[in-house]
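**Student:** Sharing a structure, written as structure tokens. Questions coming.
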Amino acid sequence: MRGEVIGCSIVLGLLLGGASIVGIADAAARCTNCVTAGASYVALRVPPGTPLAGYGGMQRRLVFPDVFDRYAHAFWFRPSVGEHDPVASRALVLESRAARLVWVTLDLIAVDGSFTRAVQGRLARAGVPAATLIVSASHTHSGPGAFMDSELRGLVAVDRLDPVVRDALVEGVVTAVRRADGARAPALVAATRVTAPAVTVSRLGKPLDSEIVVVKVTSAAGEPLALVWNFAIHGTMLPARNLHLSGDVMGATSALLEQRLGAPALFVNGAVADVSPAAHGVAALRATAGALAATVEAGWAQAKPVPVTTLRVARRTVALPRPAVSLKRCVGRWVPGFLAIPLGFDLPAETELLAAAVGDTAWVTIPGELQTSFGQAIKGEARGLFASVFLAGLSNDYLGYFMRLEDTRGKGYVACATLYGPDAGACLTDAAIELLYRLGERPRPLTRPSPLCDSGSGTR
């Protein structure tokens, strides 16, 4: 059954009768089954000199690794030199009688599984009630690094783990969640879709997804509680030579929206593997942020929130192919296909997808960067189940790029970073669609065999 938007009979009667906003608010306040929501914003206070994460080239790297401990928090990469703009954690807590969801967005390049587990553990120790946790990174390439428990990812683009930096980030998340949880109140929710301005380009010369999904959460009285906006864009408008912390264009857009609406604006990236900003530099960043904020604000204005009673969560574990760096994809087609560097020592053999639905709006997490065409396939099939559907990319873990076979045959960074091979994207796409059917309480049509991510294992 499709997720019902209104669960209380009194609310439904009011809506069908053309009730005023005051009538809806009064009904929401009396609806004991309605979803409650709270949100907060917390600036991340990372130690001075924390390295930036995202670019792996020499413009960010130290000439020699810091084996003599010259820097408190940097090893492979140069220390940051201050803030271009604040980096932040934003939290949204949704709760109904049947489910509880904590959603955190961070101005980070990505998060790995160990970071998500660290947040989960710290929340439990802080006495925050158990909940399904989604941690979504914005994918800014100028956010803090040194927080991932991975030697490989540290060497490539993040710098090696520094416990002081990681603790500061985790503490910022916990503070945001506790404040959001303490602010929960009966909520009205709506979602709408708007078309983004022409601010992105395809790395593959293929069609992109220009849709922005705007989720509007207000109090029963109509006061803004939270905005969630979903769009696919790389946080690379600031160049590699930048050494100032920044949320890049996503953080700048959210800051503008927060100034105008007076509520936390949580940015959630989409299927971003083959998407780049159309322009670069500080001036272009400001212009792009202004254009995006105006579009999102227009979506906020047109969305008409109502009380909702349905909050559902589903999860699925997906077995993945063996991860490896393919020299053929990284160096050139002349390299034999069997030459690869196995990465099973550093990357997991399986991952978990989470899907959630509040009212008639649903989303599903992806642990990395999914190609646009996969994202379009998920959204296209799920629109028969929900009015608004989107992907929460770079959420709960980071396992690289997930690209189609025909787009991983040539030499290039995107192809090289497809660590689980060209079959994994189809497998994650299939698992995501299945989860959304489960949330929509509808059987999925058996139109074709499900892809297998690993020989004989598939998804479970």
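Here the numbering used here is used: the first residue of the sequence shown is 0, the next is one more, and so on. Cβ coordinates follow ideal geometry from the N, Cα and C atoms, glycine included.
So, does the region 341-348 touch the region 318-326, judging by three or more C-beta pairs under 8 angstroms?
**Tutor:** With a cut-off of 8 angstroms, the region 318-326 and the region 341-348 count as touching, because enough Cβ pairs lie within range.
**Student:** Can you grab the Cα-Cα spacing for the pair L244 / D84, in whole Å?
**Tutor:** Going from the Cα of L244 to the Cα of D84 covers about 7 angstroms.
**Student:** Going by DSSP, what residues sit across from F230 in a beta bridge?
**Tutor:** BP columns for F230 point to N268.
**Student:** If you count every other CB in all the chains shown that lies within 10 Å of the CB of S218, and 16 or more means buried, which is it?
**Tutor:** When all chains shown are included, S218 counts as buried.
**Student:** Mind checking who Y400 pairs with in its DSSP beta bridge?
**Tutor:** Paired residues: E368.
**Student:** One question on the structure: do A167 and S39 come within less than 8 angstroms of each other, judged by their Cβ atoms?
**Tutor:** The answer is no: Cβ separation not under 8 angstroms.
**Student:** Applying the 10 Å Cβ sphere with the 16-neighbour rule, what's the burial state of L338?
**Tutor:** Answer is exposed; the Cβ neighbour count stays below 16.
**Student:** Please go through the same chain and pick out, in chain order, the residues whose beta-carbon is closer than 6 angstroms to the beta-carbon of V248, but skip the five residues on each side of it.
**Tutor:** For V248, where only same-chain residues beyond five positions count, the Cβ hits under 6 angstroms are M236, L284, T287, A288.
**Student:** From the DSSP output, which residues share a beta bridge with E82?
**Tutor:** E82 pairs with L244.
**Student:** Just the Cα atoms here: how many angstroms apart are R441 and V330?
**Tutor:** About 45 angstroms.
**Student:** How is the beta strand (DSSP E) around S218 delimited, first residue to last?
**Tutor:** Counting along the chain, the beta strand (DSSP E) containing S218 begins and ends at 210-218.
**Student:** Report the three-state DSSP secondary structure of V45 (helix, strand or coil).
**Tutor:** In the structure shown, V45 sits in coil (DSSP, three-state: anything other than H, G, I, E or B).
**Student:** Let me check one thing: in DSSP terms, what residues is F76 bridge-paired to?
**Tutor:** DSSP, once it has assigned bridges, lists R60 as partnering F76.
**Student:** Would L265 pass as a contact of A292 if the rule is Cβ separation under 8 angstroms?
**Tutor:** The answer is no: Cβ separation not under 8 angstroms.
**Student:** Just tell me which of L342, V213, E82 has its CA closest to the CA of E150.
**Tutor:** That would be L342, whose Cα lies nearest to the Cα of E150.
**Student:** Taking the alpha-carbon positions, what's the V307 to Q258 distance?
**Tutor:** If you take the alpha carbons of V307 and Q258, they lie about 27 angstroms apart.
**Student:** Taking Cβ to Cβ, would you say I108 is nearer than 8 angstroms to G56?
**Tutor:** Not a contact, by the Cβ cut-off of 8 angstroms.
**Student:** From the DSSP secondary-structure annotation, give me the bridge partner or partners of V92.
**Tutor:** Answer is G37, V101, bridged to V92.
**Student:** Which residue's Cα is closest to the Cα of L390: H140, M147, V213, A197?
**Tutor:** Ranking H140, M147, V213, A197 by Cα distance to L390 puts V213 first.
**Student:** Determine whether the beta carbon atoms of L353 and L384 lie at a separation below 8 angstroms.
**Tutor:** No; because the gap between Cβ atoms is not below 8 angstroms, this pair is not in contact.
**Student:** At a cut of 8 angstroms, does the region 88-107 reach the region 179-194 through at least three beta carbon pairs?
**Tutor:** Verdict: yes, contact present.
**Student:** Confirm, please, whether the CB-CB distance from D396 to P421 is below 8 angstroms.
**Tutor:** Not a contact, by the Cβ cut-off of 8 angstroms.
**Student:** So V216 packs on V172, CB below 8 angstroms; how close in whole Å?
**Tutor:** Incorrect: roughly 19 angstroms between the Cβ atoms, too far for contact.
**Student:** Determine the burial state of I340: buried for a count of at least 16 other Cβ atoms within 10 Å of its Cβ, exposed for fewer.
**Tutor:** So I340 counts as exposed.
**Student:** With distance defined between alpha-carbon atoms, name the residue in V45, H140, I377 nearest to D161.
**Tutor:** The residue with the shortest Cα to Cα distance from D161 is V45.
**Student:** Looking at the strands, I want to know which residues DSSP matches up with T194.
**Tutor:** Answer is E210, bridged to T194.
**Student:** Considering only residues of the region 276-328, which uninterrupted alpha helix (DSSP H) runs meet the minimum length of 4 residues and lie entirely inside it, listed in chain order?
**Tutor:** Listed in chain order, they are 281-301.
**Student:** Report the rounded CA-to-CA distance for E296 versus N229, giving the unit in angstroms.
**Tutor:** So the alpha carbons of these two residues sit roughly 13 angstroms apart.
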